[in-house]
Every structure is written in C-alpha cells, then in structure tokens.
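Worksheet: the structure to be examined is printed underneath.
Number of protein chains: 2
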Amino acid sequence: MTMNQETKGGLTKNQSLVFETLSSARAPLSAYTILDKLRDRGFRAPLQVYRALDKLMEGGAVHRLESLNAFVACNHPDCQMRKTIAFTICDTCGQVEEINDEVLSQHLETIAKRNEFQPQKLTVELRGLCMDCR
Amino acid sequence: MTMNQETKGGLTKNQSLVFETLSSARAPLSAYTILDKLRDRGFRAPLQVYRALDKLMEGGAVHRLESLNAFVACNHPDCQMRKTIAFTICDTCGQVEEINDEVLSQHLETIAKRNEFQPQKLTVELRGLCMDCR
DNA sequence: TTTGTTGTGTAATGATATAACATATGCAAA
DNA sequence: TTTGCATATGTTATATCATTACACAACAAA
Chain A
-14 MTMNQETKGG LTKNQSLVFE TLSSARAPLS AYTILDKLRD RGFRAPLQVY
36 RALDKLMEGG AVHRLESLNA FVACNHPDCQ MRKTIAFTIC DTCGQVEEIN
86 DEVLSQHLET IAKRNEFQPQ KLTVELRGLC MDCR
Chain B
-14 MTMNQETKGG LTKNQSLVFE TLSSARAPLS AYTILDKLRD RGFRAPLQVY
36 RALDKLMEGG AVHRLESLNA FVACNHPDCQ MRKTIAFTIC DTCGQVEEIN
86 DEVLSQHLET IAKRNEFQPQ KLTVELRGLC MDCR
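These protein sequence lines are chains A and B, in that order. FYI, this note's numbering numbers position 4 of the first sequence as -11, with every residue one higher than the one before it. FYI, this note's numbering numbers position 105 of the second sequence as 90, with every residue one higher than the one before it.
If you want it as structure tokens, here you go:
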C-alpha cells in the first residue's frame, strides 16, 4: 500500500482541505472565500479550489447552490446519501438544510414526463427564513 | 394625458428594449448578450440592462434562470399569469418551458412547513433535453 | 522504462454583477 | 410657478465568479 496523492477518505490533499473548509463553515462559501481561507495552506489560485470542488461534487460530498453561486458540504455523515434534491437556504443566517423527499422527487419526474422532457439535473432551492431567524 | 417616460405597456424605453430583445430570442440570454444586442440602440453599460431586468422581473414579465445566470421573457401573453414556479431548460437548444403546477406548489409549501421554513423565493429548474432534442 | 491518467501550479482572461456618482425627467405639493 | 421628490438614466470603475491554456509532477499499468 503506497502513499499516493490520496488520503484515506479517497480525497487528495487539495480536495481534503476544501472539504474541511466547507465542513467547518456554518453557511455556504463561495469559491473565492474558500481560496482566501486556504491561502495559509498554500492555495494561490481559484482553479485549485474549483478543481477540488468539481471532484467533491462528482462524489456527492459537496453541493453547489445555484441561486447563491456558492457551495456547501453534504450534511450526511458518510455521504452515501445521494438523494438530496432540494435545499432550504436562510437568507439571514445562511443555514442550509437538505431535503430528501420521495414525493417531491416523484412529482418532478411526473412533470418531466408530462412535458416530454428528459431531466439530467435538478435545481430546487427554497430561499427565505429559517425557524431561528423569522 | 402627458407623454412621460413610460410607454403604453407601462414600461420605460430601456425596459421595452430589453423586453423586446428577450421576447424575440429563442433561448435565454445573459445580461451581457442583451447589452450587445442593444448597443445599436444606445446601450453602453451593463447597468442599463440589469436595471431594466430588475424592473421587468418585479413585474413578472421576465424570469431569471439561476442555473444559467440568464433571463427569459415570460411566455404568458399578458403576464397576468404569475404562477410559474418551475422551468424545464433544454441544454441543447435552450428552449425553456414554464411549469405551473398546483400540486408541486402545494408540496413545496408542505415541505417548507415541515421544516419550519418560511420561503420567500423558489427556484425549481429542470435541466436536460427537450422532446425535439433527445 | 515508457506511456497514460490524474492531480497540481501559475498566469491570464473571460463572464457576471454591483457601487458610486452625476444628470435628467415627470409629477405633485406648496 | 417653483420647489421638492421619486424614478429613470448615463458613465466609470470595480467587485465577484469561473475557465482557458500551458507546464510539470506523481502514480499506475504495460
């Protein structure tokens, strides 16, 4: 077993750093905010962040929030839970909750069929106020 | 009845130009694409476009597609139809369809309640292939 | 050891959006 | 009428988000 560029989590050094940064944040972070937080650790360019984010999103460890142009760590412990289809996003405190709702999922599928549309990616984001902030 | 800065549609000159540009496009346009198309008509800066878009979106005449960072004209004739809550977006041809689905709407409301979340804005976008392109 | 794949480093550029400030226009209150 | 307000506009500069292009390094498979 060689020590290669991957850590035990299956992540490379840069990927781990980006993931840890997102995991310890209490709100979504932009790629440039992540970059700034990782300058001490040797990050110098946006691309280092975007590349790590791409891989993390591929594996489902990180989600992109389209309406914020920002990123969050998946909040499911082992990230085997890939069913997140929706997010609630508090505009005051930034808190993000992942929604896994089979009925919603089915209904979106139904809507697609009805429109003869073949969906490849879903974006469902509810922006507003969380329990604590309203 | 004085001739003021508003046209009969209740839109100002810039707003009308931006709306007409979007209406005659067969796919969503970015703000900068709109700007380029309107240079002949005197537009010189992004802000002219963004300001018009803001007003048009306020009135429901234009929708923003978060997953594209682009804009479409509302496809409901008189724009009294404000119930659009979802979009299908073809990644090949750019065609956008607006979805008005009461069941979906209700269900999103239910999900919000269940999470004690007070939604202020919804983003539901299905990216994929339209009937003609698949 | 050669070759292919993946990850990384760096600089430059492209694409999207807003801040700040100045001027103009229509309208209403005094 | 004139003053004042709200809204629209014009312009420059800047902030923010994301990718292209190219070079090199680490590892794995042949």
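Every residue, glycine too, gets a C-beta built ideally from N, C-alpha and C. A quick note: this is a predicted structure, and the numbers were derived from the prediction, not measured.
Hey, is residue i's beta-carbon within less than 8 Å of any beta-carbon in chain A?
| i | result |
| --- | --- |
| GLY113 (chain B) | yes |
| VAL109 (chain B) | yes |
| ILE19 (chain B) | no |
| HIS92 (chain B) | yes |
| THR73 (chain B) | yes |
| PHE102 (chain B) | yes |
| GLU51 (chain B) | yes |
Taking the C-alpha atoms as reference points, what is the distance between residue i and residue j?
| i | j | result |
| --- | --- | --- |
| THR18 (chain B) | PHE72 (chain B) | 21 Å |
| PRO31 (chain A) | GLY(-5) (chain B) | 44 Å |
| ASP86 (chain A) | GLY27 (chain B) | 49 Å |
| LYS98 (chain B) | THR(-3) (chain A) | 40 Å |
| ARG49 (chain A) | CYS59 (chain B) | 26 Å |
| ASN100 (chain B) | LEU93 (chain B) | 11 Å |
| LEU89 (chain B) | ASP25 (chain A) | 46 Å |
| ASN(-1) (chain A) | ASP76 (chain A) | 29 Å |
| CYS118 (chain A) | ARG29 (chain A) | 36 Å |
| ILE96 (chain A) | MET116 (chain B) | 13 Å |
| VAL34 (chain B) | LEU7 (chain B) | 11 Å |
| LEU20 (chain B) | LEU53 (chain B) | 17 Å |
| ALA16 (chain B) | LYS40 (chain B) | 14 Å |
| HIS61 (chain A) | LYS106 (chain B) | 25 Å |
| GLU82 (chain B) | VAL47 (chain B) | 13 Å |
| LEU114 (chain A) | ARG11 (chain A) | 15 Å |
| SER9 (chain B) | ILE84 (chain A) | 37 Å |
| SER1 (chain A) | LYS22 (chain B) | 44 Å |
| GLU5 (chain A) | CYS78 (chain B) | 39 Å |
| GLN91 (chain A) | THR69 (chain A) | 13 Å |
| PHE102 (chain A) | PHE102 (chain B) | 30 Å |
| GLN80 (chain B) | ILE74 (chain A) | 28 Å |
| VAL57 (chain B) | VAL57 (chain A) | 28 Å |
| GLY45 (chain B) | GLY45 (chain A) | 35 Å |
Helix, strand or coil for residue i per DSSP?
| i | result |
| --- | --- |
| ILE125 (chain A) | Past the boundaries of the shown model lies residue 125 (chain A); chain A is included only from -14 to 119, so the question cannot be answered. |
| GLN105 (chain B) | strand |
| PHE56 (chain B) | strand |
| THR(-3) (chain A) | strand |
| GLY113 (chain B) | strand |
| GLU51 (chain B) | coil |
| ALA12 (chain B) | coil |
Taking Cβ positions only, does residue i come closer than 8 Å to chain B?
| i | result |
| --- | --- |
| ASN(-1) (chain A) | no |
| ARG11 (chain A) | no |
| ILE70 (chain A) | no |
| LYS98 (chain A) | no |
| VAL81 (chain A) | no |
| GLN105 (chain A) | yes |
| LEU42 (chain A) | It is Met, not Leu, that sits at residue 42 (chain A) in the sequence shown. No, its Cβ sits nowhere closer than 8 Å to a Cβ of chain B. |
| GLU87 (chain A) | no |
| SER15 (chain A) | no |
| ARG119 (chain A) | yes |
| ASN(-11) (chain A) | The predicted model places ASN(-11) (chain A) with a pLDDT of 41, which falls under 50 and marks its position as unreliable, so this point remains unresolved. |
Pop quiz: residue i and residue j are said to be a contact at Cβ under 8 Å. What is the actual Cβ separation, rounded to whole angstroms?
| i | j | result |
| --- | --- | --- |
| GLU43 (chain A) | THR108 (chain B) | Actually they are not in contact, since the Cβ atoms of GLU43 (chain A) and THR108 (chain B) sit about 22 Å apart, beyond 8 Å. |
| VAL3 (chain B) | ALA37 (chain B) | 4 Å |
| LEU111 (chain A) | PRO13 (chain B) | The pair is not a contact, with the Cβ atoms about 22 Å apart (cut-off 8 Å). |
Output the boundary residues of the beta strand (DSSP E) element that contains residue i.
| i | result |
| --- | --- |
| HIS61 (chain A) | Where HIS61 (chain A) is concerned, there is no enclosing beta strand (DSSP E), given that its DSSP letter is neither H nor E. |
| LEU23 (chain A) | First-last for LEU23 (chain A): undefined, no H or E at that position. |
Please list the terminal residues of the continuous alpha helix (DSSP H) segment that includes residue i.
| i | result |
| --- | --- |
| CYS93 (chain B) | The displayed chain sequence assigns Leu, not Cys, to residue 93 (chain B). Per DSSP, LEU93 (chain B) belongs to the alpha helix (DSSP H) from 87 to 99. |
| LEU41 (chain A) | 31 to 43 |
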